[in-house]
Structure formats: structure tokens, C-alpha cells
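Just below is one structure, and these are the notes that go with it.
2 protein chains.
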Amino acid sequence: MLRSHTCGELNISHCGQTVTLSGWVQRSRDLGGMTFVDLRDRYGITQLVFNMETNAPLCQDARKLGREYVITVTGQVTERSNKNPKMPTGEIEITVGSLNVLNESKIPPFTIEDNTDGGDELRMKYRYLDIRRNTVRDNLMLRHRMGIETRNYMNQIGFLEVETPVLIKSTPEGARDFVVPSRMNEGQFYALPQSPQTFKQLLMVAGIDKYFQIVKCFRDEDLRADRQPEFTQIDCEMSFITQDDILETFEGLTKYLFKTVKGIEIEKLPRMTFAHAMKYYGNDKPDIRFGMTFVEITDLVKGHDFKVFDEAELVVGINAKACSSYTRKQLDALTDFVKRPQIGANGLVYVRFNEDGTLKSSVDKFYTEDELRQWAQAFDAQPGDLMLILAGNAGKTRKALSELRLEMGLQLGFRNPEVFAPLWVVDFPLLEWDEETRRFYAMHHPFTSPKPEDIPLLETDPGSVRANAYDLVINGVEIGGGSIRIHNKELQKRMFSILGFSDEDAQAQFGFLMNAFEYGAPPHGGIAFGFDRMCSLFGGSDSIRDYIAFPKNNAGRDVMIDSPSPIKQEQLDELKLKINLPGF
Amino acid sequence: MLRSHTCGELNISHCGQTVTLSGWVQRSRDLGGMTFVDLRDRYGITQLVFNMETNAPLCQDARKLGREYVITVTGQVTERSNKNPKMPTGEIEITVGSLNVLNESKIPPFTIEDNTDGGDELRMKYRYLDIRRNTVRDNLMLRHRMGIETRNYMNQIGFLEVETPVLIKSTPEGARDFVVPSRMNEGQFYALPQSPQTFKQLLMVAGIDKYFQIVKCFRDEDLRADRQPEFTQIDCEMSFITQDDILETFEGLTKYLFKTVKGIEIEKLPRMTFAHAMKYYGNDKPDIRFGMTFVEITDLVKGHDFKVFDEAELVVGINAKACSSYTRKQLDALTDFVKRPQIGANGLVYVRFNEDGTLKSSVDKFYTEDELRQWAQAFDAQPGDLMLILAGNAGKTRKALSELRLEMGLQLGFRNPEVFAPLWVVDFPLLEWDEETRRFYAMHHPFTSPKPEDIPLLETDPGSVRANAYDLVINGVEIGGGSIRIHNKELQKRMFSILGFSDEDAQAQFGFLMNAFEYGAPPHGGIAFGFDRMCSLFGGSDSIRDYIAFPKNNAGRDVMIDSPSPIKQEQLDELKLKINLPGF
Chain W
192 MLRSHTCGEL NISHCGQTVT LSGWVQRSRD LGGMTFVDLR DRYGITQLVF
242 NMETNAPLCQ DARKLGREYV ITVTGQVTER SNKNPKMPTG EIEITVGSLN
292 VLNESKIPPF TIEDNTDGGD ELRMKYRYLD IRRNTVRDNL MLRHRMGIET
342 RNYMNQIGFL EVETPVLIKS TPEGARDFVV PSRMNEGQFY ALPQSPQTFK
392 QLLMVAGIDK YFQIVKCFRD EDLRADRQPE FTQIDCEMSF ITQDDILETF
442 EGLTKYLFKT VKGIEIEKLP RMTFAHAMKY YGNDKPDIRF GMTFVEITDL
492 VKGHDFKVFD EAELVVGINA KACSSYTRKQ LDALTDFVKR PQIGANGLVY
542 VRFNEDGTLK SSVDKFYTED ELRQWAQAFD AQPGDLMLIL AGNAGKTRKA
592 LSELRLEMGL QLGFRNPEVF APLWVVDFPL LEWDEETRRF YAMHHPFTSP
642 KPEDIPLLET DPGSVRANAY DLVINGVEIG GGSIRIHNKE LQKRMFSILG
692 FSDEDAQAQF GFLMNAFEYG APPHGGIAFG FDRMCSLFGG SDSIRDYIAF
742 PKNNAGRDVM IDSPSPIKQE QLDELKLKIN LPGF
Chain F
192 MLRSHTCGEL NISHCGQTVT LSGWVQRSRD LGGMTFVDLR DRYGITQLVF
242 NMETNAPLCQ DARKLGREYV ITVTGQVTER SNKNPKMPTG EIEITVGSLN
292 VLNESKIPPF TIEDNTDGGD ELRMKYRYLD IRRNTVRDNL MLRHRMGIET
342 RNYMNQIGFL EVETPVLIKS TPEGARDFVV PSRMNEGQFY ALPQSPQTFK
392 QLLMVAGIDK YFQIVKCFRD EDLRADRQPE FTQIDCEMSF ITQDDILETF
442 EGLTKYLFKT VKGIEIEKLP RMTFAHAMKY YGNDKPDIRF GMTFVEITDL
492 VKGHDFKVFD EAELVVGINA KACSSYTRKQ LDALTDFVKR PQIGANGLVY
542 VRFNEDGTLK SSVDKFYTED ELRQWAQAFD AQPGDLMLIL AGNAGKTRKA
592 LSELRLEMGL QLGFRNPEVF APLWVVDFPL LEWDEETRRF YAMHHPFTSP
642 KPEDIPLLET DPGSVRANAY DLVINGVEIG GGSIRIHNKE LQKRMFSILG
692 FSDEDAQAQF GFLMNAFEYG APPHGGIAFG FDRMCSLFGG SDSIRDYIAF
742 PKNNAGRDVM IDSPSPIKQE QLDELKLKIN LPGF
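Sequences listed follow chains W and F, in order. FYI, in our numbering the residues of the first sequence are 192 to 775. FYI, in our numbering the residues of the second sequence are 192 to 775.
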């Protein structure tokens, strides 16, 4: 090893020892008689000192070191005269006896500091320099830890990690597949998996009754800020279980990860139905770090000549405790917030329950103070509170109010990233109606089992059928989702038919699974966690990109290696492919 | 859970308990008054008993159960009258009180037994049934265990698992890439990684000084029996190290895996140079479970009018101890063996050192017994031994003799798959000359560092330059290989030029790596292990396919899901691709 110790471990107890350190020059200060160099590696920073009086040539060499030079030094651990209590190595420095420059460095395009001067695009291009920064490196270390702990827990409770194939088969239902032309099978393609869904179900048929895998998945979607074309899942499946067994097993994993990685004890996870979440939070991934749940006052407000309310399908609001002193300007800002196109409300009605007990609203023209007092009662409001009310089409209004609730939560400091409030959302609808294509889509996926008691409704009222499907939600973010699967060939065929598959299409795409169901498929179900998202949540960040070593940008490009890129004509020829674009 | 226990855990201590088991019907025997059913799950088999006298309807239901039906039963654990000491559950049976058929099964296309009647192709097509067999399931469990133990060890010694991207950039040098057309970047392609080589080197530049990953890699090669288009590597890299540090670190991993997974203590691994391995084993992956090393007798045999020897560049043989009694038929079979086209020797010379001290050879016409006695001395042969000698071009002859040595090792029982003899082969040549294209190729890969003392030879005698490259070989199989890398941009450029890259090509394909080397690349090196191969070796099998849950066949097809397959015209259109084949 070109070092005896790392740059993060030496302290006062090592004084007098001769050590060898290797690392990068973080900074150097030339104070005339002395030159100080901060040497950095993955583990920390240690101060080196070169003395003009005792070794002039060496000190002169040290003066020539530039930022990010890679060096090895040997020297003696010495107690510092001016200690730095903020650094673990702050009590010592190395009096250097020999210096070896292992590699030089050009001046990096941005500073390797916690608060770097580099913009996003530049840091992506030089990702190998960005990872030298503490924050990015710590993120990768957190991710490593999450992986190790997940595997240890799953192994302890008897789950087998089984690798499923990456070169699979295209199933055009759902999101777009990435495809891979096969040279050995001309004109044919593999596809990259959007998830190992069918393979994990086959593993259940195969008798591997507890399966998991931390696995890359792929989706060729137009990217949003928080999506990547390749992403990582903790993918799990169990046999001979009920929904409760799955929830308890993965509640166990969740608690274990919070305990071991964050040192946080999580209580039993609440379970909330989808219907409840939509009614009280307007959202199937409620942030329950704070209350401020929805109060419906539709009946209370009708018939007072206020057209907006009279014509509304739903009038619903939240009570912002102790916010009656919100200024006109703050209320205008909130009104602007809900009227933004991506939120889409037409306006915001507020009622101030003043500290002196009086009530003052933006609709005083239509309602008496007594009537407002009835509203306040419905909202369980006290003097000092502020009621914020939206009205309109039920679905859109709930969605808009959900955004307003989250905004208020933010403004009031209820959304501390170091507080974690996980819950299960259960009883999702099986199907979702799409107005445009006028057909039902699977809300989770086509393998999800309807609740047995709702199966008769499949014929009469498909939209009301509930699924044995569940999401793990933490702080308003969907971290995982899963379902009990169909394990019966006939029911699976019926589902494909409800989803508009012809028998031939269903057979061509999923025949292998339905055939497998004829050879003794056990009852089974599972869940998949978004590992990138989970890491970013544990790390207290909104961006999954910060937790991926080499992420792609919003155009799906890796700007560091400049990929995707054109390939050679010979490669195309071998694959029997032509590019169907002008100029090719 | 649809079970209180598994089918592998009940014993005499559970007698009297009421339990619920779920699983598959392995077999049933109807003895008139009693029906016995063997119930199987991942953990074992438990005998169920149904009694006609005490519960006739239930017993009649049990008689209807077919093989591989999935059932749940509840009943009482009872001591068996005729115990089966071979089964962990052989002392008990379940007197069943209730039976629930969870799913029926068609008669499976082959028997779910250790010695199945199913052929390879059929078992691949119904892989989900094949995995129900003990042997395949045990292989997957071994693989899981290998993964868990590898990660725990690497984590303990400070390595970070970092996921590198799967969608990368095509580098046409070396094996063929699988490519992935990009919809968002028209006419451009990602490639699937043949290994994370460049990314792990970038992680070293990034200061992650100990990296590992268990990772899928891809190679679009014409497949041989032991190759798969997607395979798994344990990929590792370290900074600030010498070759010794790498060998010691991964010798540690090797010993740890043998200890924890197989319960075997491995001594210090011998290190053998490539030159030594070629000279004494004719092979850069010597099987050192046995000796029988090569003895060169070229000088000894020349000048006796035996044209074959006189014209040979090399005359070399092995001493098969205690084989002098090999019959003429056995020797003819060995001659046929070495003359097979894939081995390619012209013939085999033998010398019997008879028990009575006389010597008898197939070349008695040319050599006296005294001369043969000199050979015997060179071979360190004793009465009872058999010398087997090949002659011809040095390279081909060594290769052929290596095959013969392995065959003799097999015949003599020296190649027991439960005996493990790992070693390091070191000092590989940096470059390999290719007669056909008349240029040098990198023996390991273009990032491998020459030995510093051999760098001057790069200009004068490139073929003799040794690399800081090493392989881990176990029982004649290359399990891992790696090298110290070049970390200097100028040397890397020179290597690319020696390998025939133009500056433009080198820049286009590997510019990102060479640019990274300008910003303080540390000295680094690494290794990658073939995880599939490693698992099959630990499992005592020659076939990696047995250790992959869903392998592909020799044409790269997954016959279970029938992939690759044609994709829809809309998919091609979106990707701006045309298939360049008649009929498309």
C-alpha cells in the first residue's frame, strides 16, 4: 500500500509515529517559513507541514503542488500548536520528511468543496471530480450502506436473492421498452426489463417462496427531473401469504433500515385506505408528518348566491392553525400559487378566525359572520386559525388542495426532512378509466388480484373493484408499491380481456406466465421499492440523481462519456439494421 | 401465512401440535384404508396421512390429488410407526384434519425428482418446474450465499459497492457490444457494458479508493457451451496499491468464501509466473490438484534418425506415475485422444518403465534401453511409471500435452471436484501478436500497465513486455483476472497507439478516461471474478448454466419466454429503424 494510514484516522494518540499518507492536495498555504498542505482522501483531511528551515528543497517542492495533485508523503505525526476542533484529525499534523508526486492535475473546472462553484451540467460532465466532494461521496456511501443492510435483513428472514435476466422480451403494454437487436437472431429483439415482474412470479411457481433482488430496471420514457432511464429497485415476492404478511414483512425491513442506517426507531406503520387518503389528503401518497386534513363543507355553503360555491361539485378546505395573521400579501401569494397552471384552481377563499374571536373572509358579501362561525366549527378552528377553501370539480379540487396543503406544510416548517412518517396506503382501485382511449387500464399492473369480495363487480362496475394492492409512502413520496397477484389462469385471462388484450396478444406476450399457472402456481404477492428514491429520502434530498454515481441528464444522455452516440456502419450491417432518417 | 411451519422443520419434538403446511404434492400412495401424500416445499418434504376410517370424505378428496397440486393442510403432528431416517422429517407425519386445494396442476412434462426424466431443452422451456428440483434450487441457494458472503467480506474491509450504468457507450474494440437504440437521440445508440472497466477507473479518479460491484455484463459473442450473452462479475478496483496488495486482498476474499460457504480452509495461494505455467503445464490456467508437470527432453532425443523428434522444435512429456500397466488398448485410446482435431498432435510416444526395471517404448527401433533409461532419469520415473511424450511445434505441442495431462489427471482420479487448488498466475505478457491482422492486441485490456522495468522494451520488443497482470486460477479454471492500470495519460496514449488506434479513435472512444487522467488519477488496479463460473466451481459443476436461474441456450435464446422476438412496426418507427432483411 502506498499509505500506512488514511487521511481521516490520525489523532493525538499517534504522535511520534512515522506514517505514510496518500491523497489529493485540497489546498496549500505558503507562509514563508512554513508551507501547509491539506491532504484529502475518501476518509478525511490531514494537515501536512513543510519547514523551510529544516528542509528547504522539500519545502520548495511542496510550494509547487497544485490543487488536486496526487501525492504520497512520509513523515512524523506531530501535535499541532493551533488545534482545529472541527476536524477529527485537527489535533495533529504531519511533519513531512519525503514527498512523492504520483500524478499532477490540471486546475479542476470547479472547486472540490461542499459549496462548489460548479453548475449542474459542468459537474455532470466531470462527475469523477464531483464525486470527490464530501456530499456526493457521502451519498454513495449511504447507498452502499442501504444495499448492505437490505441484503442482510432479507437474508436473515430467509429470502433468496435470485438474478433475473436483463435481456428479456418486449411487452409493449405500459411504458416503452428499450430494445436490443439480436445479431444471432436476425430481425429479432430483446427488451430490457421495466421490472422483473413476470420472472419473480415464475420464481414463485418454481417454489422459491421468498425472493428478492436489488436490480436495475429500464424505462424509455420522456424524462422528468426525478426519473432516470435506468433505475434500481428492491424487488420482492413471497408465496403462501396474505396481504398482511407482506405488509408486516416489509414494515420490518423499513424499520430495520431506519434503525440501522439513520438510528431512528419507527413505530408501527399506520394503514390508510386509498379512499381515505383521497378524501382527507387529496393524494394517494399523503405526507402525514402533519395534519391539516381536508374538511368538506359543500352542503354548508350552498344557496347563498355565491356562484362559485353553488356550482361546485365539491367545496373543501384546510385549517391552517395559528395563521390568522397571514397578511394580504401572503394570501395573494397563496392565491397565485393555487392558480398556477400546473395546479389549476380558479381561486382561493379564505376565512380568518381572528384572535379576538371575530371572523373575516374573502366572501363576506355572501355569508354572515354566524354562517362563517358554522364553517369554523366544521373545521374545528380556534381563534387565531386561518381556513383556506377551494371549490370546483371534485377530483381537480382535491388535487389542488393537496398542493396547497403541502405548500402550507412547507411554509409552517412541518416538512422537516429529518422527520420520517411512513405509512401503508391500501385498497387501491384495480382499474383506472381513461377518457381519451375509452378503456380501463390496470392501476398497478395486469397481474394484480382484485379483492375476492369485489370480483363480481368486474362485470357490473369494474371501476369500483378494489385491488389487493398497497403502497409504502414516506413523507409524501411513494417509496414502494405492490400487490397480491392473480395465480389462477382463468382470472388472469379475464383480466387481460378487461384490459383490452385479444386472446392472441395475451398469449403472445404473457403465454409463458399463463402456461406456468397451469402447473401448480401458489398464492403469491410482492412489492418493489424504488431504491434510488429511498436513498435520496434517507439522505434528506429531493433529487435521486444525487444518489446515482453516474446519472443521465433529462435528455437521457450521459454527458461525461457522451452517450448515446452513433455506431459504426459495420455494427449496423451485422445487426441487419438501417437508420431510417434523412442523411443515413 | 398459509402455513405455521415449512415442510422441512417438523420433528419428534412437535408431536401433538396442530400445524398448517402448504406446498406441492410430490407423490401420493393409496393403500386402501390410508392415503399417504408427500408434501414438498423449498425446505423439505413432510408426509401427510389421510385415514379412510376416521374421515372418509377427506380421504376421498386426498385420493384425487394429482402430482404438483398446490395444497394447504391442517392436522396434528404424529409419530410415525415406520420411521424414515433419511429424511429430516422422517420421524413424524401429519394426521390431516382439513385439506384445501389452492391450485391444480396439469401433469408436468418431466418428473420433479433429482434424477429427472426431462431432457435439457424441455427443462429449459419449463425452467419454473426445473427449479422445483432439489439440485437446481440448491444451486440458486449456493449462488445467493456466495453473493451475501462476498458483499459482507468486501464491506468489512472497507469496499463500497457502487452501481455503474448499464446504458453506456459502444467501444468496438474487443468483443461485440450489444447496442440499444435511443428514441430520444435519433440515430444514436447506447451499448451494454462488457464490463464496468472504464467506470471503475473513473471511480478511482473520483477518490472512491475501494470499489466493488456484483454486476451484470454483456457480450454479443457466438456462444459456446459455457458462455452466456449476459453474465455476472464480481468487479473490484483499489487505489494507492501495488500488485501485492491486490493479490493479498483477494486471496483474503477467496479464503473467506471457501471457509464460509464450503467449510474449507485454504492455505496461502501459490504464485506462478505465466512463463512457468506455460513451460510446466502448457497452460496459463494450470490445474495444480496434481503434478505430472512437463519434462522437456528435446536435446536428449535428437540425432537418432527418428525424424519426428529430429524435426521437432520441442519434445516434451509427462510421467504418469504407476501407469506402466496401461494396456495397448488404453494407449491407443490416448493416441486417438491427442490426434483429435481440437487437440491436433500427430502422434504419441510412450515409454513403459516396467515393474521389473526393463523399459519398453513405441520407439524402440530408434533408441536403446540405456537411452530410454536416460529419459526415465529426466522424467524422474520409477519402475511402474509410464512416460507420455509429444513432439512438434513448441506452442501447439505444449497445448496438446496440457490436454493429455488433464485427461490423465481425470483418468487417475486426480481431479476431484471437492478438492480445491487455487493459485495466482502472474507476469502475463502485455501484448499478444496476431498473425492474421499482423498487429498486437492487449492480452488483458488496453488499460493494463506494463511492468515499469519493461517499458523501454515497448519500442524494441513489444512482445516481450510483461504486464502487471494476474489471474486467479482454481482447478484449471480461470476464476478471476485483473491488472494494475495505467494512470498516466501519456502512457495510455502510447498504449492506444501500439494497439493501432488512431489518435481520433482513441479520443472518440476513451477520451473521457484520458481527460480524467489529467485531473489527478491515483495509481490503481483491480480484478474481476466470473461469478457464474465461481458458483459452478463451488458447486462442483462444469456448467455455469446450472447456476443461473433463467439461462439462455447456445443460440442466445430464452426458450421459456421465447425471446428474442420480433417487435411491432410502431416500435421500429419510433426508433427510426428499418430491418435490412428481405421481407421486412
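Positions of the beta carbon are idealized from the N, C-alpha and C atoms, including for glycine.
Less than 8 Å between the CB atoms is what I'm expecting for residue i and residue j, so what's the real figure, rounded?
i        : j        : result
W:Asn510 : W:Met578 : 5 Å
F:Ser674 : F:Ala697 : Actually they are not in contact, since the Cβ atoms of F:Ser674 and F:Ala697 sit about 19 Å apart, beyond 8 Å.
W:Ala719 : W:Val396 : Their Cβ separation, rounded to whole angstroms, is 18 Å, which puts W:Ala719 and W:Val396 out of contact at 8 Å.
W:Thr237 : W:Leu193 : With 8 Å as the limit, W:Thr237 and W:Leu193 do not qualify as a contact, their Cβ atoms being about 15 Å apart.
F:Leu766 : F:Pro356 : Not quite, the Cβ-Cβ distance comes to about 20 Å (not below 8 Å), so this is no contact.
W:Trp615 : W:Leu438 : 6 Å
Return yes when the Cβ of residue j is within less than 9 Å of the Cβ of residue i, no when it is not.
i        : j        : result
F:Leu290 : F:Phe350 : no
W:Ile206 : W:Glu270 : Before going on, a small fix: residue 206 of chain W reads as Cys here, not Ile. Contact flag set, yes.
W:Ile155 : W:Gly508 : Since the displayed chain W opens at 192 and closes at 775, residue 155 of chain W lies outside it and no answer follows.
W:Thr389 : W:Phe638 : yes
F:Asp368 : F:Leu383 : yes
F:Pro755 : W:Lys277 : no
F:Arg462 : F:Val610 : no
F:Lys498 : F:Phe485 : no
F:Leu293 : F:Thr341 : no
F:Arg323 : F:Ile298 : no
Within the 9 Å Cβ cut-off, does residue i reach chain F?
i        : result
W:Arg724 : no
W:Thr628 : no
W:Phe227 : no
W:Leu164 : Any question about residue 164 of chain W goes unanswered here, given that chain W covers just 192 to 775.
W:Met315 : no
W:Val287 : no
W:Met192 : yes
W:Asp426 : no
In three-state terms, what does DSSP make of residue i?
i        : result
F:Met686 : helix
W:Arg233 : coil
W:Lys520 : helix
F:Asn242 : strand
W:Asn376 : coil
F:Thr489 : helix
W:Lys297 : coil
F:Asp733 : coil
Going along chain C in order, which residues have a C-beta closer than 7 Å to the C-beta of residue i?
i        : result
W:Gln379 : Checking the listed chains, one finds no chain C in this structure; the protein chains it contains are W and F.
In angstroms, rounded to a whole number, what distance separates the CA positions of residue i and residue j?
i        : j        : result
F:Ala660 : F:His635 : 7 Å
F:Leu212 : W:Ala585 : 48 Å
W:Asn246 : W:Phe227 : 14 Å
W:Lys391 : F:Ala503 : 59 Å
W:Arg318 : W:Arg748 : 13 Å
W:Asn771 : F:Leu763 : 9 Å
F:Ser727 : F:Asn325 : 16 Å
Closer than 9 Å, CB to CB, is residue i near chain W or not?
i        : result
F:Ser296 : yes
F:Pro279 : no
F:Leu290 : no
F:Ala382 : yes
F:Tyr344 : no
F:Gln385 : no
F:Glu421 : yes
F:Tyr447 : no
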